[in-house]
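Chemist: Heads up, the sequence shown is in the numbering used here, so the first residue is 1237 and it goes up one at a time. I'd like to ask you about the structure that follows.
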Amino acid sequence: MEELLKLAEAGDTDAMYQLGRAYQFAKFDDAPDYEKAFFWYSKAAQLRHIEAMTSVADALSLGRGCKRDLEMAHVWYQEVYEIARSGR
């Protein structure tokens, strides 16, 4: 975990995404930590990591680790769609 955290803090979006998944799926503890998962997904999503963007949209649509916000979830899903459509 320490190495992954160092990479994420250094700006590695894949490491940020992997940290999000680890917190979401309780890889570091007995229970998921959705707030930490959302934090790391959000950091990677802001840097255009496509899987993290989808995870942020999913979390927002469910209110998992954050306040439920269907409008923002739609914005993120739309952005993912546009990126996928353009092949970027």
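All C-beta atoms in this analysis are idealised placements derived from N, C-alpha and C, irrespective of residue type, glycine included.
1) DSSP on residue 1256, reduced to helix/strand/coil?
2) Taking the alpha helix (DSSP H) that residue 1294 falls in, what are its first and last residues?
3) Tell me the DSSP secondary structure of residue 1265 in three-state form.
4) Once the 5 residues before and after residue 1254 are set aside, which same chain residues still bring their CB inside 7 Å of it?
5) Exposed or buried, what is residue 1285 when buried is set at 16 or more other beta-carbons lying within 10 Å of its beta-carbon?
Modeler: Result, derived from the coordinates:
1) Along the sequence shown, one-based indexing puts residue 1256 at 20. Residue 1256 falls in the helix class under three-state DSSP.
2) One-based indexing of the sequence shown puts residue 1294 at position 58. Run containing residue 1294: 1286-1298, per the alpha helix (DSSP H) assignment.
3) As a position in the sequence shown, residue 1265 is number 29, starting the count at 1. DSSP places residue 1265 in coil when its eight states are reduced to three.
4) What you label residue 1254 is simply residue 18 of the sequence shown in a count that begins at 1. Once the five neighbours on either side are set aside, the close Cβ partners of residue 1254 are 1240.
5) Mapped onto the sequence shown, residue 1285 falls at position 49. Buried.
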